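Structure first, then comments.
In this note's numbering, the protein residues as written are 5 to 653.
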């Protein structure tokens, strides 16, 4: 059983943690994500997010996992999330929002914008009664020394609870400087933190084709001793500005670290219809996960009288080290799922860790041009170099992967009328596929880099107070799964074909709306499906997803704003392979919807601003399962209350 679960479920634990609780992000008093959302394709400001897409799920894929993260437009290979005192907002760039963006990737871009240079000195105190009874408090300072030099930063401490009953404690600190030298701005930053107590989040394996009953909200099924810890660092510097005349430069170098001192995974493998489960605890040794990345880009601007040209030339690279394996699995036998199965803390004896390294770089050139009233064009090309290796910690054997492809992107947008426009685009990318899971015969083997492609097009109508976007897309990637001998290999293609729509704007003066829907036909094709090794649909991808966010401004004291959010997710496959007792079909989750209600108030007294935000999430407390990997599910988020109070002074 160790060979079946070790690596796969260790990585799934991270995915489950991301789903159960995204990185805590505080906000300033004037932050309002809905008013800053230009479309419904994913925007996050502080604690709040709108739209159908996130960095973990965009058109059914993760642009973050694909390596498509940016810091102020500069390439960044992210290991750990940027803290809230560093990152102001995140937007998902797909479709129209990416038409003028150079070097777009098939799964979109994660556009992370950092807090800007402060113009006035000030402080912020942020107090949160967090979801499930936790708390999260921060202090931020802003100190401009003059109009060219400034610093800002902050510290924070959090105790966070989850719907599955697990708890965590963490602290973080951030410092960022600004120095304007001539026409250039240099901005170094450093952030560090530690998850001092991170309780294991129980994972439920459903390869048998049976769902157990979802546990009650906040019932914890883990051990008293299965709490890990992690240190994380994000540091680097950006340099932007004019070089000479119309020539400018934009670049940065970054270091991202997410080292694990210890880590545990609680596993319940459901075996029977009455939820009898095999209970395991997976313990990991120390693992280093570190990446150095960066980019340098020169931009030449030309044109005038409504005609604009931009020529881009640059280079980007990353060097990532990931340690895996050496884990120890404890088998605690059969137990009815839902009953806490406690055991004494065992003695640990770890094996040697595997060490993987990915070196990837690209030389890039692009042209982006526009003619006022006519349209835009975006053409880019990259020559990529990819080198990956993994050294087996037990045998010392090294497996290598090499790729040197040409990559491209092209987009064309037409302005049909002053308010109506249309676009078509295509991209071809190269993505790191990670390593084979622990239940494969080629366990921990570095999988080959895969080429992905996308074709898309759409129309946009600007109706003055907002805009409506409708687009179609098709993304294709190689599909990895298990061959008959349990080797994890490419068995075909995974194709996501769909239609998306976005409505964002102000209505009847008081009402703000951000609404989006995605209708998809995700499909697996190829020899693996023909042989019955995989089902017709990729795990965890629904055919329907929709989200609506509303703000209604009243005349009540404190500029009271009423907020609401509605979200619907269609059925999703929970297993990769067809199940015999289900008639040869994959195990599917039920459709799932949530309703959130809240308020926002802002009170200003001289130069002090107090903002209070309250949200009740999932007021009907619907309990369902959420797939986080093939054959693995976790409980969905449950009803909980957030109260945020921010004081700017």
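We treat Cβ as the ideally placed atom computed from N, Cα and C, and that holds for glycine.
If you're wondering where the values come from, they're calculated on a predicted model, not measured in any experiment.
Beta-carbon spacing of residue i, residue j below 8 Å
| i | j | result |
| --- | --- | --- |
| residue 114 | residue 59 | yes |
| residue 209 | residue 216 | no |
| residue 583 | residue 575 | no |
| residue 557 | residue 514 | yes |
| residue 265 | residue 292 | no |
| residue 232 | residue 268 | yes |
| residue 544 | residue 577 | yes |
| residue 620 | residue 630 | no |
| residue 496 | residue 530 | yes |
| residue 38 | residue 516 | yes |
| residue 652 | residue 612 | yes |
| residue 133 | residue 607 | no |
| residue 368 | residue 107 | yes |
| residue 99 | residue 473 | yes |
| residue 320 | residue 296 | no |
| residue 395 | residue 406 | no |
Delimiting residues of the beta strand (DSSP E) encompassing residue i
| i | result |
| --- | --- |
| residue 239 | 231-248 |
| residue 72 | Neither: residue 72 is in no beta strand (DSSP E) and is coded neither H nor E. |
| residue 428 | 424-435 |
| residue 223 | Looking at the DSSP string, residue 223 is not in any beta strand (DSSP E), and its letter there is neither H nor E. |
| residue 372 | 358-375 |
| residue 471 | 470-486 |
| residue 573 | 565-573 |
| residue 316 | 311-328 |
| residue 396 | It is not in any beta strand (DSSP E) - residue 396 carries neither H nor E in the DSSP assignment. |
| residue 648 | 644-652 |
| residue 299 | 293-308 |
| residue 286 | 280-288 |
| residue 600 | 596-609 |
| residue 114 | 113-118 |
Reduced DSSP secondary structure (H/G/I, E/B, other) of residue i
| i | result |
| --- | --- |
| residue 37 | helix |
| residue 142 | strand |
| residue 84 | coil |
| residue 418 | strand |
| residue 188 | strand |
| residue 508 | strand |
| residue 442 | Because residue 442 sits at a pLDDT of 49, beneath the cut-off of 50, its placement in the model cannot be relied upon, and the point is left open. |
| residue 101 | helix |
| residue 273 | strand |
| residue 28 | Residue placement at residue 28 is flagged as unreliable, the pLDDT there being 47, under the threshold of 50; the coordinate-derived value follows with that caveat. Reduced to three states, the DSSP call for residue 28 is coil. |
| residue 585 | helix |
| residue 447 | The pLDDT assigned to residue 447 is 49, lower than 50, so where the model puts this residue is not dependable, and the model offers no usable value. |
| residue 57 | coil |
| residue 136 | helix |
| residue 547 | coil |
| residue 209 | strand |
| residue 461 | strand |
Among the options, the one whose alpha carbon lies nearest that of residue i
| i | options | result |
| --- | --- | --- |
| residue 353 | 330, 626 and 572 | 330 |
| residue 381 | 410, 401, 357 and 416 | 416 |
| residue 168 | 635, 360, 628 and 175 | 628 |
| residue 152 | 129, 120 and 163 | 120 |
| residue 458 | 501, 624, 529 and 496 | 501 |
| residue 186 | 248, 165 and 161 | 248 |
| residue 302 | 370, 90, 45 and 262 | 370 |
| residue 410 | 426, 397, 433 and 401 | 433 |
| residue 527 | 624, 499 and 172 | 499 |
| residue 284 | 270, 360 and 130 | 270 |
| residue 421 | 467, 383, 131 and 78 | 467 |
| residue 43 | 649, 177, 641 and 521 | 521 |
| residue 598 | 605, 188 and 622 | 622 |
| residue 563 | 614, 418 and 494 | 614 |
| residue 659 | 542, 469 and 547 | Outside the shown range of the chain (5 to 653) lies residue 659, about which nothing can therefore be said. |
| residue 92 | 294, 122, 48 and 333 | 48 |
| residue 105 | 88, 79, 123 and 610 | 79 |
| residue 355 | 289, 385, 645 and 407 | 289 |
| residue 181 | 336, 555 and 191 | 191 |
Range covered by the alpha helix (DSSP H) that runs through residue i
| i | result |
| --- | --- |
| residue 533 | 531-534 |
| task | Evaluate contact between the region 364-381 and the region 238-252, counting only Cβ atoms and requiring at least three cross-stretch pairs below 8 Å. | result | no
| query | Would you call the region 189-198 and the region 561-570 touching, i.e. three or more CB-CB distances under 8 Å? | reply | no
| Pairing CB atoms from the region 155-162 with CB atoms from the region 130-146, are three or more of them under 8 Å? | yes
| said: Does the contact criterion of 3 or more C-beta pairs under 8 Å hold for the region 537-552 versus the region 481-490? | reply: yes
| request: Answer yes if the region 221-228 comes into contact with the region 244-262, meaning at least three C-beta pairs across the two stretches below 8 Å, and no otherwise. | output: no
| Cβ contact check for the region 95-112 and the region 123-143: 3 or more pairs under 8 Å | no
| query | Do the region 370-379 and the region 338-350 touch if we need at least three Cβ pairs shorter than 8 Å? | reply | no
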